[in-house]
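Residue numbers (our numbering): 1 to 1011.
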Amino acid sequence: MTVEPLPALQRARKLRKPLLLAAAALAVVAWLTLVVLPAGAATTLLSQGRPATASSTENIAFPASAAVDGDPGTRWSSAFSDPQWIQVDLGGTAAISQVVLQWETAAGRSFQIQTSPDGTNWTNIYSTTTGAGGTQTLDITGSGRYVRMYGTARTTAYGYSLWEFQVYGTIGGTGPTGTPTTGPPPTTPAGGCGTTNAALYGSATASSAENDGSGAFAAIDDNTGTRWSSLFSDPQWIQVDLGASLPVCQVKLQWEAAYATAFQVQLSANASSWNTVYSTSTGTGGNQTITVSGTARYVRMYGTARATAYGYSLWEFGVYTVGGVVATPTPTPTQPAPGNCPWVNSAAATATKVSQLLGQMTLQQKTMLLHGTNPTQTYIGEVVGIPSLCIPTINFQDGPSGVGDGLGGVTQMPDGVVTAATFDSAYAQLYGQTIGAEFAGKGVNVALGPTINMIRDPRWGRSFETYGEDPYLSGQMAAADVRGIQSQGVMAQVKHAAAYNIEQPAGTIIVDRRTLQEIYLPAFQTAITQGNAASVMCGYSNVNNVPACQNPQLLNIPLYQQAGFTGFVGSDWGGAHSTVESANAGMTMEMPGGYYYADFLAQAVQNGQVSQATVDTMVTRVLTKMFDFGMFNKAPSGSATATVTTYAHTQVAIQGAEEGTVLLKNTGVLPLSATSGSSIAVIGVDAGAATQTIGGGSGTVTSSGTTWPITGIQNRVAGTGVTVTYNEGTDQAAAANLARTSTVAIVFASDNYGHEEGDNTSLNLPNNQDALISAVAAANPRTIVVLNNNAAILMPWLNQVAAVFEGFYDGQGWGKAIAALLFGDVNPSGHLPLSFPASLSAMPTSTTAQWPGTNGQVQYSEGLKMGYRWYDANNVAPLFPFGFGLSYTTFGFSNLHVGAVSGNTVTVTATVTNTGSRAGAAVAQLYAGHPAADGEPPHQLQGFQRVSLSPGASATVTFTLPMRAFAHWDTASDAWVATAGSYPILVGDSSRNLPLTGTATVPATVTVPLH
């Protein structure tokens, strides 16, 4: 799907400032080089070494970064379809003067060169339909931070392929209207002291830390709710590595109560020899802005006397530079893999190397590669290497919302439901890149995630990990997340195949084959066919009386045979229950130990129950991915103890919380205004230190510094004359009294339900929070409720309150994000990835037989009518429908056009218009129906597109529907079939608001292959 702004109408502007070097910081351990162009500098190559992304890659060997690495022997290659694009982030607005394209044989015949200030809204500055390949030097004029080649027609049957994509110009040019422009971060002109905190793009170390929660990074994380604190002695220091030698002009110290009375600010080129540029023995704490002068890579505060008996404590340590320059990271060079085996550091084809290695392995060595070692030394799972064969150890660690299992120094990202609520696959890929970089920095080879099971019932304890109730949405978000993770050299293991939707079932899952194929398997297949997932995890579920990890209907048939999977299937921890059945059904690897797949597997081969060919296939699948991900061509890197979170990563977390929080109700009280003299009552334990930002179990990620909602709100109104008062809400009467005397009341509430191994019996808020909300609303009709939930909840107080936000579990940046949303700094744009029921009796799984089951069975008797399909088929009104989400502006839909079948696809276009007074992002959703004889639900999601628009602006959204969008699983032929006939096409912004309707016609019945 593509977005094409209408030429006669105003272009949209992105709602929030672009992420500051977010993609660039994804190389966690990096060499850094300074890019500084003085005023009047000549045209310069700006793209080399900058962050590059693409619409797709043919495989992991041809990433977007290969086109900006300065090496004409490496290339980016796309998938074999149109359109495709590659874009580079220049790090700041630049005046573009030239673009050089060094095409491989697979070139673009028709393509555009486009620029953008934000990576969302694009301007064509060059276009051709007669591209001839070779090396093209294009002298062009334009301005933007992002530059991309957007290809619409290829010269060959293959994808687009570029050896190099070079952009020349100067940073800090002028825009199309001649207005001076500067890309983020904001700076002052060269020669003045900039306003960008260069420390945010560096790293920090200290002489000591009071505890694990007060490390040096806390002073450079742009979060005034976290701090570095030292031991209680003198001297102590904290230093920032700026990443390159920079012209330092100012240092800002935000002291906690434990400040320094005597300290120096010192500069160094090498962190060994220090030059003091400021000294005092009369420090008074508070916020200190110190003017300094010098050029240095390292800046430190060296304290010699304390004001208190405690240590030194800084909320933030800011460093500012002349011209606002910062260092930009370049990837750390990899070292060759150790060992002298012929398949190590070899340029031979993967299949050749696998064959060489496999031929040298004994049966015992083969089985060693097919199970973990328990207990492990460092990670949650390890497959121990075989040094005699130069086979390295494979390290596994939990996701899916970041690096889990208690490792510190990581970013706690929003959960899967939040990511799904963005309806933004580009964000999902950035999310994957971010956590992938952190997994890599921690030395992890296989990230256990994403979780892509369906939310069949919102009482499921692990709902928060997933992408909601729709297989198409889940598949698209999963594929993007996987592409992002794997772009960082880390394998993704999507989980849990399949029909795993309850923690405490009464027994086996009873589900028909068609429902499995249409509802519970497609997301896994999409993660494989579109995301090229390296691995799949089989789950704990028992489906039709067969455990998942030995069930060919969940593994061999849908993954390997239908989807063409070439990776390996690992068991969930303790999820294996057999040797022979599991090996023959497609399970490759037993985790975390080797009970079934060690001696028992060798015995099964020797007695003929498992063939040698089957074991060789299993080993080949593991080795292939190890070779594909460079494990035999580069030395192991990263460390479980490394600090891998960065400022840029925390900005990605905040972006997800902003885009994925859903506005469910607003009677006009929002957005808030910071009017002097007004007062805000912030109520609820979820607004403070107990704020629920992540779920429990293996999905838990340790925060490197959570911003509480109360802190975010206080920071937002600081200096405006607005009074903010906090009440935990444990005394209902006191909370109501505070609300009564305040201009507006905001109640923060959480279900505290989401947890592995446990389901919920209720969808009501616990701990009398429903009563608290009702009492506060009775005291102040201008009451806003902000929720953090595992999934859907009931809202008995909905008619009493003025507004409701649903945040799910939004990660460590939640406080900043919700403050921005409440005050309209960011326009709400999230949409629900699951239906919210009006009651427990009015949902698809309302009977005990369906949930949690009876007599040893859980009946999936709703069949295809899961989630919104059931509500629509039975004409039951949910509390809030799938896809629903409000904004501070309004959008209209028009001009639907449905094309004829061409090349096994149908193209649908529609116009989206911002009919309101604020800039905002719409999510256009396309649903398709079926001929009645197909026996399908009324309509199902088959496309979505997020588009940002200024007031009055319009854009054309394009959906390219493959024949799979019109197919159903035919039980007679055991295949996907698209029946000849008419298919309703509906477009709107939720499953219950679809103002545009049309018809697609499939002229003849066809069998549709999956890949």
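Here a beta-carbon is modelled for each residue, glycine too, at the ideal position from N, C-alpha and C.
| Check | Outcome |
| --- | --- |
| Please report how far the alpha carbon of Gly594 lies from the alpha carbon of Leu623, in whole angstroms. | 18 Å |
| Return the chain-ordered list of same chain residues with a C-beta closer than 8 Å to the C-beta of Thr620, the five sequence neighbours on each side being excluded. | Val354, Leu358 |
| What's the gap between the Cα of Ala739 and the Cα of Thr393? | 58 Å |
| Could you give the DSSP three-state label for Ile793: helix, strand or coil? | coil |
| For Leu996, which residues in the same chain have their Cβ closer than 7 Å to its Cβ, ignoring the five residues on either side in sequence? | Phe893, Leu896, Ala910, Leu986, Val987, Gly988 |
| Could you check where the alpha helix (DSSP H) with Pro471 kicks off and where it finishes? | 471-486 |
| If you draw a straight line from the C-alpha of Pro505 to the C-alpha of Glu806, how long is it? | 28 Å |
| Using the DSSP secondary-structure output, state which residues sit across from His577 in a beta bridge. | Beta-bridge pairing links His577 to no other residue. |
| To the nearest angstrom, how far is it from the Cα of Thr566 to the Cα of Ile485? | 18 Å |
| Let's see if you can read the secondary structure: which residues bound the beta strand (DSSP E) around Gly988? | 981-988 |
| Quick one, which of Gly323, Val717, Val701, Val652 has its alpha-carbon nearest Ser1060's? | Residue 1060 falls outside the range modelled here, since the chain spans only 1 to 1011, and no answer is possible. |
| Express the C-alpha separation of Lys252 and Gly705 in angstroms, rounding to a whole number. | 20 Å |
| Compare the C-alpha of Val1002 against each of Gln264, Leu994, Arg964, Ser991 and name the closest. | Arg964 |
| Can you check which of these residues, Met413, Asp616, Pro450, is closest to Leu370 by C-alpha distance? | Asp616 |
| Taking buried to mean at least 16 other C-beta atoms within 10 Å of its own C-beta, is Thr177 buried or exposed? | Confidence in Thr177 is poor, its pLDDT being 30 and thus under 50, which makes the residue's placement too unreliable to answer from. |
| Looking at Ser273: is its Cβ nearer than 8 Å to the Cβ of Ala296? | no |
| What number of angstroms, rounded off, separates the C-alpha of Thr999 from the C-alpha of Gln550? | 43 Å |
| Taking the C-alpha atoms as reference points, what is the distance between Gly863 and Met626? | 39 Å |
| Provide the residue span of the beta strand (DSSP E) that contains Pro329, from first to last. | 327-331 |
| With DSSP run on the structure shown, which of helix, strand or coil describes Lys865? | coil |
| My parser needs the beta strand (DSSP E) runs of 3 or more residues fully inside the region 715-762; what are they? | 723-727, 744-750 |
| Classify Gly539: buried if its beta carbon has 16 or more other beta carbons within 10 angstroms, exposed otherwise. | buried |
| Residue ranges of each alpha helix (DSSP H) run of no fewer than 4 residues wholly in the region 205-245, ordered along the chain? | none |
| Along the beta strand (DSSP E) that carries Phe317, what are the first and last residues, could you check? | 313-322 |
| Could you give the distance in angstroms between the alpha-carbon of Ala428 and the alpha-carbon of Val418? | 10 Å |
| Please classify Ser1019 as buried or exposed, where buried requires at least 16 other C-beta atoms within 10 Å of its C-beta. | Here the chain covers residues 1 to 1011 and nothing more, so residue 1019 does not appear. |
| Terminal residues of the continuous beta strand (DSSP E) containing Gly202? | Where Gly202 is concerned, there is no enclosing beta strand (DSSP E), given that its DSSP letter is neither H nor E. |
| For Gly830, list the residues DSSP reports as bridge partners. | Bridge partners of Gly830: none, in fact. |
| Give a yes or no on whether the C-beta atoms belonging to Thr141 and Glu438 are separated by under 8 Å. | no |
| Which residue's Cα is closest to the Cα of Ser679: Gln561, Gln692, Ile713? | Ile713 |
| Does the Cβ of Gly73 have 16 or more other Cβ atoms within 10 Å, making it buried, or fewer, making it exposed? | exposed |
| Does the distance from the CB of Leu834 to the CB of Gly867 come in under 8 Å? | yes |
| Beta strand (DSSP E) containing Ser268: first to last residue? | 260-268 |
| Take every Cβ of the region 432-448, pair it with every Cβ of the region 635-655, and state whether three or more of those distances are shorter than 8 Å. | yes |
| For Phe600, report the span of its alpha helix (DSSP H) as first-last. | 599-606 |
| Applying the criterion that 16 or more other CB atoms from any shown protein chain within 10 Å of the CB defines a buried residue, is Thr711 buried or exposed? | buried |
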